[in-house]
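Chains as they are written, first to last, in our numbering: chain A, 181 to 261; chain B, 89 to 318.
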């Protein structure tokens, strides 16, 4: 079966996010006051799997082996359909 | 004695490194295209600087997972020397050859300038021609060079630290930490102390015409270490 999965890779809590800090500063220059801002990377993937569980497992393996760096990142996998 | 310099698509310091090894140090050196793999045994493998795979995903992430890197890991497991410079250091970290990782500079822009680094450990195959505490002048050129230790795996120990950013007279302080690296660290040892990942470019400080020859001693240290083994 074909599944669409969505993978979110973010920096772990407490990790310095220089891009987010710069973006927050730029928003401030435009008049937007924000109390927090973080960035994540989204991957939209379609793949063949036997069932939802396998689709999720494959997504997690992709994170472990390539998409995330476990030293600095946390990640989640959502199976959409 | 023979060195290899592995070229990935996007490597751009490969020829500079090979020039220093072959023409300045006088050691045989092969430039090896990553798809050609390692066709023979080498005493040392250098992963040069550049932008392998356009720094897609994370700097070094994709090159770290190419088949030639399986051979580099095997070479390291067998005790061969591996030197990762800049993008090569990022590749080593992404592959888990050294502890920790190199990520976006604290101020997220590309920094290209001369800095001072302190030799924290002269008892390595890469620094035996230096003295502990010696300060050398060397260029950096990177956007993802901020060293972050793997806290979940116990962080980084002092005997794994080879270089720290410092002032001209060797003070390791925040003011002389150009990219926000943890404890100013910019060179770490891995494997059985036979893998060094460093963000500064020793090949750009190996020829008088470039203003410093401090970096040359990293290559000559490797040559000496290999010679002593033989």
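Don't be surprised by glycine CBs; every beta carbon is placed ideally from N, CA and C.
Nearest chain C C-beta to residue 199/A closer than 8 Å, yes or no?
Annotation note: the requested chain C is absent from the structure, which comprises protein chains A and B.
Inter-residue CB distance, residue 249/B and residue 273/B (contact presumed, cutoff 8 Å)
5 Å
CA-CA distance, residue 257/A and residue 109/B?
Approximately 46 Å, taken between the alpha carbons.
Going straight from the alpha carbon of residue 209/B to that of residue 146/B, what length do you get?
29 Å
Can you say whether residue 294/B is buried or exposed, counting buried as having 16 or more other CB atoms within 10 angstroms of its CB?
buried
Against residue 209/A, what residues of chain B qualify as contacts under a CB-to-CB distance less than 9 Å, listed in chain order?
Within chain B, no residue comes near residue 209/A; the closest Cβ sits about 16 Å away, beyond 9 Å.
Report the partner residues of residue 215/A according to the DSSP bridge assignment.
In the DSSP secondary-structure assignment, residue 215/A is not bridged to any residue.
What span of residues does the beta strand (DSSP E) with residue 221/A cover, start to end?
It spans 220-228 - the beta strand (DSSP E) in which residue 221/A sits, taken as one unbroken run.
With a cut-off of 8 Å, does the C-beta of residue 195/B fall near any C-beta of chain A?
yes
Please name the residue, chosen from 198/A, 218/A and 237/A, that lies closest to residue 185/A on a Cα-to-Cα basis.
In this structure, 237/A is the residue among 198/A, 218/A and 237/A with its C-alpha nearest to the C-alpha of residue 185/A.
Per DSSP, residue 244/B forms a beta bridge with which residues?
None, per the DSSP bridge assignment.
Do residue 219/A and residue 206/A have their C-beta atoms within less than 8 Å of each other?
For the pair residue 219/A and residue 206/A, the CB atoms are not nearer than the 8 Å cut-off.
Who does residue 229/B pair with in a DSSP beta bridge?
200/B
Residue closest to residue 148/B, alpha-carbon to alpha-carbon, out of 212/A, 249/A, 242/A and 232/A
249/A
Quick check on residue 297/B: does DSSP put it in helix, strand or coil?
helix
Given this structure, state the Cα-to-Cα distance separating residue 228/A from residue 244/A, to the nearest angstrom.
19 Å
Can you confirm whether the segment 300-317 of chain B touches the segment 229-240 of chain B when touching is taken to mean that 3 or more C-beta pairs between the two stretches lie within less than 8 Å?
no
Enclosing beta strand (DSSP E) for residue 92/B [first to last residue]
90-95
Just checking, does the segment 254-261 of chain B make contact with the segment 192-211 of chain B on the three C-beta pairs under 8 Å criterion?
Contact between the segment 254-261 of chain B and the segment 192-211 of chain B is present: 3 or more CB-CB pairs across the two stretches fall below 8 Å.
Whose C-alpha, out of 270/B, 182/B, 261/B and 266/B, is nearest the C-alpha of residue 245/B?
Comparing Cα positions, the closest option is 270/B.
Does any residue of chain A bring its CB to less than 8 Å from the CB of residue 153/B?
Yes - at least one Cβ of chain A is within 8 Å of the one on residue 153/B.
What does residue 202/A reach in chain B if we use C-beta pairs closer than 7 Å?
196
Check whether the Cβ of residue 192/B lies closer than 8 Å to any Cβ atom in chain A.
Yes, its Cβ sits closer than 8 Å to a Cβ of chain A.
Closest to residue 278/B by CA distance: which of 264/B, 92/B, 301/B and 237/B is it?
237/B
Check for me: the alpha helix (DSSP H) holding residue 237/A runs from which residue to which?
232-242
Taking C-beta to C-beta, are residue 284/B and residue 135/B nearer than 8 Å?
No, these two residues do not count as a Cβ contact at 8 Å.
Please check the pair residue 179/B and residue 199/B, which I expect to be a contact at CB under 8 Å, by giving their CB distance rounded to whole angstroms.
In fact, because the Cβ distance is near 19 Å, the residues do not count as touching under 8 Å.
How should residue 226/A be labelled, buried or exposed, when 16 other C-beta atoms within 10 angstroms of its C-beta is the threshold for buried?
exposed
Just the C-alpha distance for residue 261/B and residue 181/A, rounded to the nearest angstrom, thanks.
57 Å
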